[in-house]
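Notes for the one structure printed next.
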Amino acid sequence: MSARETRPTTTYSVAPADREPLHERLHGLGAVDEQPGPYEAWRTKLSDGASQARAILYQSGKLVVSGHAPAFDTASAMIDAVG
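Counting from 1, one number per residue, gives the positions in the sequence shown under my numbering.
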């Protein structure tokens, strides 16, 4: 089992053309959608062993990623590759 390590919340700016492809890539990593809140375009949760990471894309294009490694590191690496 992977060790779970806290990671600092990270914010990205996502261009409109990259928003849906990014969502689809997170699904490709095994992320599952959660009910979006007000002003959110989408919200997903990625699990890896005991760790979880949540990615929330706001309608403004701001993407906020929070959680624990290794799930957080997996999501962040994929987001960095897209951006």
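We put the beta carbon where it would ideally sit given N, CA and C, even for glycine.
Note that the coordinates shown come from a computational prediction; the quantities given were computed from them, not determined experimentally.
> Taking Cβ to Cβ, would you say S66 is nearer than 8 Å to T9?
Replying inline: yes
>> Taking DSSP's pairing of strands, which residues face G67 in a bridge?
In response: R7, A53
> Are there 16 or more other CB atoms within 10 angstroms of the CB of H27, so buried, or fewer, so exposed?
Replying inline: exposed
>> The alpha helix (DSSP H) that contains L22, what's its start and end?
In response: 16-28
>> So, with DSSP's three-state summary, where would you put M1?
In response: With a pLDDT of only 48 at M1, under 50, the local geometry of the prediction cannot be trusted, and no value is derived from it.
>> For S51, count the other beta carbons within 10 Å of its own beta carbon; 16 or more makes it buried, fewer makes it exposed. Which is it?
In response: buried
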